Structures are given as C-alpha cells and as structure tokens.
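Protein sequences appear in the order of chains A and B.
Each residue of the first sequence is one higher than the one before, starting from 0 at the first, in numbering that gives the first Met the number 0.
Each residue of the second sequence is one higher than the one before, starting from 0 at the first, in numbering that gives the first Met the number 0.
The beta-carbon is built from N, C-alpha and C at its ideal position, and this holds for glycine as well.
Computed from a prediction, not measured in an experiment: that's the story for all the values here.
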Amino acid sequence: MLRKFAVLAAAIISMAILVSACAKKGEETIKIGIAGPMTGDQSKMGMDFKNGVQLAVDEWNARGGVLGKKIEMVVEDDQHDPKQAVAIANKLVNEGVAGVVGHFNSSCSIPASKIYMDGGMPMITPATTNPVFTEQGYWNVFRVCGRDDQQGKAAALYVTGTLKATKVAVLHDKTTYGQGLADQFKSNLGNSVEVVYYGSVIQGDKDFKSVLASIKDAGPQVLYFGGIYPEGGLLVKQASELGLNPACISGDGCIDPKFIEIGGSAAEGVYLTFSPDPESFETAKAFLAEYHKKFGPHGPYSIYAYDAANIMLKAIADTGSTDGKAVAEAIHKGVFDGALGRVEFDDKGDNKIANYVIWQVKEGRFVQVTN
Amino acid sequence: MELFLQQIVNGLTVGAVYALIALGYTMVYGILQLINFAHGEIYMLGAYLGIIILAFLTAAGLTAVSLPLAILLTIIAAGAICAAYGATIEKVAYKPLRDAPRLAPLISAMGVSIFLQNYVMLTQGATDKVFPAVIPAAGVTVHGVEITFLQIFIMAASVVLMAGLHLFIMKTRMGRAMRATALDMKMAGLVGVNTDSVISVTFIVGSFLAAVAGVMVAMYYGLVNFSIGYLAGMKAFTAAVLGGIGNVPGAMLGGVLLGVLESLGAGYLWPEYKDAFAFLVLVLILIVRPQGLLGERVPDKV
Numbered sequence: 000m001l002r003k004f005a006v007l008a009a010a011i012i013s014m015a016i017l018v019s020a021c022a023k024k025g026e027e028t029i030k031i032g033i034a035g036p037m038t039g040d041q042s043k044m045g046m047d048f049k050n051g052v053q054l055a056v057d058e059w060n061a062r063g064g065v066l067g068k069k070i071e072m073v074v075e076d077d078q079h080d081p082k083q084a085v086a087i088a089n090k091l092v093n094e095g096v097a098g099v100v101g102h103f104n105s106s107c108s109i110p111a112s113k114i115y116m117d118g119g120m121p122m123i124t125p126a127t128t129n130p131v132f133t134e135q136g137y138w139n140v141f142r143v144c145g146r147d148d149q150q151g152k153a154a155a156l157y158v159t160g161t162l163k164a165t166k167v168a169v170l171h172d173k174t175t176y177g178q179g180l181a182d183q184f185k186s187n188l189g190n191s192v193e194v195v196y197y198g199s200v201i202q203g204d205k206d207f208k209s210v211l212a213s214i215k216d217a218g219p220q221v222l223y224f225g226g227i228y229p230e231g232g233l234l235v236k237q238a239s240e241l242g243l244n245p246a247c248i249s250g251d252g253c254i255d256p257k258f259i260e261i262g263g264s265a266a267e268g269v270y271l272t273f274s275p276d277p278e279s280f281e282t283a284k285a286f287l288a289e290y291h292k293k294f295g296p297h298g299p300y301s302i303y304a305y306d307a308a309n310i311m312l313k314a315i316a317d318t319g320s321t322d323g324k325a326v327a328e329a330i331h332k333g334v335f336d337g338a339l340g341r342v343e344f345d346d347k348g349d350n351k352i353a354n355y356v357i358w359q360v361k362e363g364r365f366v367q368v369t370n
Numbered sequence: 000m001e002l003f004l005q006q007i008v009n010g011l012t013v014g015a016v017y018a019l020i021a022l023g024y025t026m027v028y029g030i031l032q033l034i035n036f037a038h039g040e041i042y043m044l045g046a047y048l049g050i051i052i053l054a055f056l057t058a059a060g061l062t063a064v065s066l067p068l069a070i071l072l073t074i075i076a077a078g079a080i081c082a083a084y085g086a087t088i089e090k091v092a093y094k095p096l097r098d099a100p101r102l103a104p105l106i107s108a109m110g111v112s113i114f115l116q117n118y119v120m121l122t123q124g125a126t127d128k129v130f131p132a133v134i135p136a137a138g139v140t141v142h143g144v145e146i147t148f149l150q151i152f153i154m155a156a157s158v159v160l161m162a163g164l165h166l167f168i169m170k171t172r173m174g175r176a177m178r179a180t181a182l183d184m185k186m187a188g189l190v191g192v193n194t195d196s197v198i199s200v201t202f203i204v205g206s207f208l209a210a211v212a213g214v215m216v217a218m219y220y221g222l223v224n225f226s227i228g229y230l231a232g233m234k235a236f237t238a239a240v241l242g243g244i245g246n247v248p249g250a251m252l253g254g255v256l257l258g259v260l261e262s263l264g265a266g267y268l269w270p271e272y273k274d275a276f277a278f279l280v281l282v283l284i285l286i287v288r289p290q291g292l293l294g295e296r297v298p299d300k301v
C-alpha cells in the first residue's frame, strides 16, 4: 500500500515539474494559435494556412519578434469537425495564445468564436465566408476574406447575366458553409430562373450518381454546388460520366488544384467565385516568391493566412500588450497594408474591401475571367 | 424509366462491391462465428495498393503498352498482398484467442482495425490520394442509360469472382472442408480436416475479394483515403446480415440488394439520407427476420 502511494506521489510530482517547466518556457514567447483541418480530406487547406502563417511568423522573428519576445506557433487540427473545433478552441484558450488565425470551415469558426470570445482573445479567419460568423455581434471576430452573401450574389449574377440560364439545379453539402452559400446563390437568382432541383449530398461520400441521375432528369442548364473540393471534384467527374454536362459553378471551397486533380478532364470549364487573382497584385509579389521558394505552389488561402497573421502581430505590436480586448480594438481601428493590398475592418469585423470575381478552369488551371 | 434504369445500374455497381466485401465477413462468421471488424481495412489497403501498384506499372511503361494487362496485374498483386495481410492478422490477432471468450477476438478485431487505419495514415499521409488518371471515363449509352466501361468491368468481375467462389466452395476438396468446418469445427477436426489451414484459407480468400473490391472502387471514384474502410465495412456487414450472416449466396444477394436500395432511396427520396437507408435496412431485418433473407442460423454473437 505504502509502495503504491509512493509511486503515485512520485508520478504526480514529476508531472507537476513537467507542467511548471512548460509554463516557464511559455513566458518567453508570444503564442499564436493556428486552427484548421490539418488532417483528413481537407487537409490541403489547413496546410496552406499553416504555411502562410509560418512565413509571417518567420519574418517577424527575423526582425526580433514582437514586444521583444519570439513568436511561437501553436498548430491545432479541427478535422473540419465542429465538435473537434470546440475542443481545440478550449485547448488554445488554456494554452494562453494571444490570438488565433483560423478556422477554415464556417461550421468550425462559428462555434469556436464563442469560446475565443469567452477566453478573451481575438480570432482572424482567413477563409470563413458564412455571414453568421460576423453577424453574431462578437467583439473578437474578424475575417480577411469576403462573405457568402457577396459570393452567392456574384455567382447568381453571372448565371443570369452572362450564362443567361433559365433552369438551374442547386446542390450543397449540408454544412454551414455549403448550405449557406447555396441558399445565398438561390435567393439571388431572381424570378426569371427556375430552380429545377435543390438538394444536398453527404460530406465525405464518394458516390453521387443517384442524385446526379435525378438532376439529369430535371434537365438544368447550370449546376451550382455549395461545398468543398473533394465532393466538388467527384460531382463534376460523375456528372460527366452520366452524360450530364451543364455549366457547373461553385464557390471558393472548390478553388484548389486538388479539385482539378480529382475531377480530371470533367473539371475543365467549371466556373468558380473567388476574390481576384493575387498574382496580379503588385503587393503580393514578394510574398508569392518567398512562399514558392519555401513551400511550393500557393493555395487559394495561403495569402489570406499570411495577411491575417501579420494583422494580428501588428495589432499586438501597436497595442504593446497581448490583452485580447485591446488587440481587437486595434484591429478594428487599424489600416493594414499587406500582400492582398489594403485591409480595413468594419464594426462587425468584415473586410471592407473584399469582392468576388468569376474564375474558370482552363487547361487544368484556374484562370480569372471577369474583373 | 430511363432514370429508374440509371439508378439500378449505379446501384448494381456499388452493390457488387458491397457483395465482394460482405463475402469476407460472412465466410469468417460462418466458420469462426467472429465478426472480423478489420475486414473493411483490408478493403482500404487494397485501394491504396491499387494506386501504388498501378503508379508503379505506369512508371515502368506497362500501362501504355496494355491497359487491361496492367489493371489485371494490379488487381492480382493487390489481392495477393492483402491475402497475406488477412492470413497474418488471423495468425497474430485471432488464433491466440480461439478458445477465449467470444468478446475477446471481437475486441482484438477492432484493435487491428484501428491499428491498420493509423498505420496507413502515418505511412501514406492523411490527405486524399487521387488514382492515376489512366482509365478513360468512356462508356456506352443504352436507351438513354449511361454505363461506363468501368461499371461494366466492376459488375462482370464481381460476377466472375462470385461464381468462382461458389465453385470453389461446392466443388473442391478445400471447399468441402470449409463447409464441414462451418457446420462443426470440432467434428471436422476429428474426421481429419485440418481446421487451422481451412481458417487460413478462409481469411486469404475473403481478403483477396475485399482487395479486389478496393482496387475497383479506387478506379471507379478515383479518390482514396485511410478512413474509407470504416463505412464500406459497415455497409458490407449490413449486406452480410441482410442476406443472412454465415451464408455465402446470402452475402451476394444482400450486397446487391443494399446497393440498389441505397441508389433508389438517394435518387427518389432524400439523397442526404443515403447512408441511413443501409442502416435502416439493418434494423428492419434484425427485427423482422433476424436470420437474414437466406440465413438459417440466428446470429447469437455480438
């Protein structure tokens, strides 16, 4: 009995030493949390986040860090699962990070934002586009990207104006992002367009032929998909196998090279709504060159993650503290010139300058087709 | 009518794959009364091996010379490697527990399943793997129904494999030994059947079929990740129960029925509940006819 107790006591003491050692180490750095899908089918997006933030943090550290301390990245994986997002949000709060860059999915960012607010820390998402995120009235939320009401409208205008379609099918993946975007698109179509099919697929499924066969039967000229590239790529591929060849249009969740890789030749000609090509920005040249040298080709949201991290760090430097409220205040008021150009936030935390243009897959690449 | 036929064709393709995987569940259950939860992971391994081997053959230039030969080689090689996996798993994880309480090998099976998933995730990465685009998406149109050559191949290969399995069980010496072992393992051992080798052969055959299913699915969807074995395994298990677990023709019937039911349900009712149909069928079958459509014995384990 006594021996058991001694072993237990020794274990507790050694754990306590470990914990205190961690706490000591933490005081010397300022921690920035990075949250997104780091594993699983959407891990490409998470890695783009991580690399973008890494680049910003490396640059700051090379200049001596922030507030005289080195910056440390705390990368957490939400597996694009809302439950996991809440768990890692709590973890990041306990870890005492100064702010969070993330998450990717709307379904993750929205529940996590409450936890960061309660923990008193700002979050800047590079990619969450669902309007609800900034409509909750939280003081701590910011997004560098645009909103789905802008994005859905841009797609709807293109479908009615340029493609002149009258019969449209709308599909989504039942996630906060996918369904939100699809509904924004649908509500912006106007009276001249008939929605001949509206339905959803299961995220993570691989076989969409049943729903596509029903869509084929409805005979749409345009198929809209609100969702992410693994399902998007398979949808266009299986649609063409079924002889269903409408104009396909989707949102920023599909604008990734993996979409073309999965969709193969069927991805050719697919339209996507996204912000303008950073390769045409004078401000993005240095970022892109450095990113390509370090990590290879950039993903759609690499540059947003980079700017989000820079905004967070600049606000901390300007405030002179890591107090969450003060930092959020500085982000609200600040004017930030980053790789995307100028970024300013409104009272809700939306980027004032974001806009959406139409892209298209041409010869295996994404090309901007409207201005 | 075209739409209906199209849904049937799509359902038959998926159902053929379910049936191939279900055979492994049902054969193992028939002999050991063990539900081999690691079986879905064998299918996942087959899909990965298919990608790796075909990429290798493409690099070696064989795909350009003869695509059918390359695909055949891929299927046989992936099947052989997975058969080895299956036999090894049986030796390592189930054989030492053969006399243990029934729950022990079941938990061991779950352990193997978790191990294999994580092993593939760590060695192959957590991201989706895309199947090399060597198979043309071409097909034929019959009365407005689009059938790709790959779908025809999947259905034909499944029929050939199932017919082969039926002949193997019914006409060969080993098949007779398997049937004897399934009826009464102790008695079969007493009359001179080497039950250990019968069990090994069962795992080898079941794993081979699952691997073939994996390679074909990888070709069909062109996308593979380490977690596909879970859902496919669950569906195939449902198919095996639907047909009557332990019953080989039952697994074939169950798989095909499940594929068609899913396809029709998703096509005509609610596509977002596609996976739910499979498990709704499982619940109904367990309530109304627990022994399954063709089953004789009531599954009293698990």
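- Within the same chain, Cβ atoms closer than 6 angstroms to the Cβ of A/Gly51 are found at Ser301, Ala304 and Tyr305, the five residues on either side in sequence being excluded.
- Counting along the chain, A/Met311 sits inside the alpha helix (DSSP H) bounded by residues Ser301 to Thr318.
- Excluding the 5 residues flanking it on each side, B/Val192 has same chain C-beta neighbours closer than 7 angstroms at Ala176, Ala179 and Thr180, in chain order.
- When secondary structure is reduced to three states using DSSP, B/Gln290 falls in the coil class, being assigned neither helix nor strand.
- Chain-order list of chain B residues neighbouring A/Leu180: empty, with the shortest C-beta distance near 16 angstroms, by a criterion of under 9 angstroms.
- Taking 7 angstroms as the cut-off between beta carbons, the residues of the segment 265 to 288 of chain B near chain A are Ala265, Gly266, Pro270, Glu271, Lys273 and Asp274, in sequence order.
- Assigned with DSSP and collapsed to three states, A/Lys90 falls in helix.
- Three or more Cβ pairs closer than 8 angstroms define a contact, and the segment 307 to 327 of chain A meets that threshold against the segment 52 to 69 of chain A.
- In terms of Cβ geometry, A/Gly231 and A/Phe273 do not form a close pair [threshold 9 angstroms].
- Here DSSP, grouped into helix, strand and coil, assigns A/Glu343 to strand.
- Fewer than three pairs of CB atoms, one per stretch, sit closer than 8 angstroms, so the segment 237 to 247 of chain A makes no contact with the segment 179 to 189 of chain A.
- The beta-bridge partner set that DSSP reports for A/Ala34 consists of A/Glu75.
- For the C-beta of B/Ser262, the chain A residues within less than 7 angstroms are, from N- to C-terminus, Ser209.
- Listed by position along chain B, the residues whose Cβ is nearer than 7 angstroms to that of A/Ile261 are Val129, Gly221 and Leu222.
- The CB of A/Lys185 never comes closer than 8 angstroms to any CB in chain B; the least such distance is about 17 angstroms.
- In this chain, B/Met0 is not harboured by any alpha helix (DSSP H), its DSSP state being neither H nor E.
- The Cβ of B/Leu2 sits closer than 9 angstroms to at least one Cβ of chain A.
- Shown here, A/Phe365 sits in a strand according to DSSP, grouped into three states.
- For B/Gly174, the enclosing alpha helix (DSSP H) stretches over residues Arg172 to Leu182.
- Residue state for A/Ile227 is assigned as coil, using DSSP reduced to three classes.
- Listed in chain order, the alpha helix (DSSP H) runs fully inside the segment 244 to 294 of chain A are 256 to 262 and 284 to 294, counting runs of at least 4 residues.
- Per DSSP, the beta bridge partners of A/Phe141 are A/Ile123.
- Straight across, the Cα-Cα distance linking A/Lys215 with A/Ala61 is about 56 angstroms.
- Judged by their CB atoms, B/Gly23 and B/Ala235 are nearer to each other than the 9 angstroms cut-off.
- B/Ala125 belongs to the set of residues whose beta carbon lies under 9 angstroms from a beta carbon in chain A.
- Using a CB distance cut-off of 9 angstroms, A/Leu234 does not count as an interface residue toward chain B.
- Interface annotation, B/Gln5: in contact with chain A, CB-CB separation under 9 angstroms.
- Scanning its chain for C-beta atoms nearer than 8 angstroms, with the 5 sequence neighbours on each side dropped, one finds around A/Met46 the residues Met37 and Gly298, in chain order.
- Here B/Trp269 carries a coil assignment [DSSP, helix/strand/coil].
- Across the segment 66 to 98 of chain A, no CB contact with chain B closer than 7 angstroms is found for any residue.
- Fewer than three Cβ pairs drawn from the segment 39 to 47 of chain B and the segment 274 to 281 of chain B lie within less than 8 angstroms of each other, which leaves the two stretches out of contact.
- Straight-line spacing of the CA atoms in A/Met72 and B/Tyr84 works out to 40 angstroms.
- A/Asn350 is bridged by DSSP to A/Phe344.
- DSSP lists A/Val169 as the beta-bridge partner residues of A/Tyr197.
- Around the Cβ of A/Lys313, a 10 Å sphere holds 16 or more other Cβ atoms; the residue is buried.
- Around the CB of A/Gln135, fewer than 16 other CB atoms lie within 10 Å, so the residue is classed as exposed.
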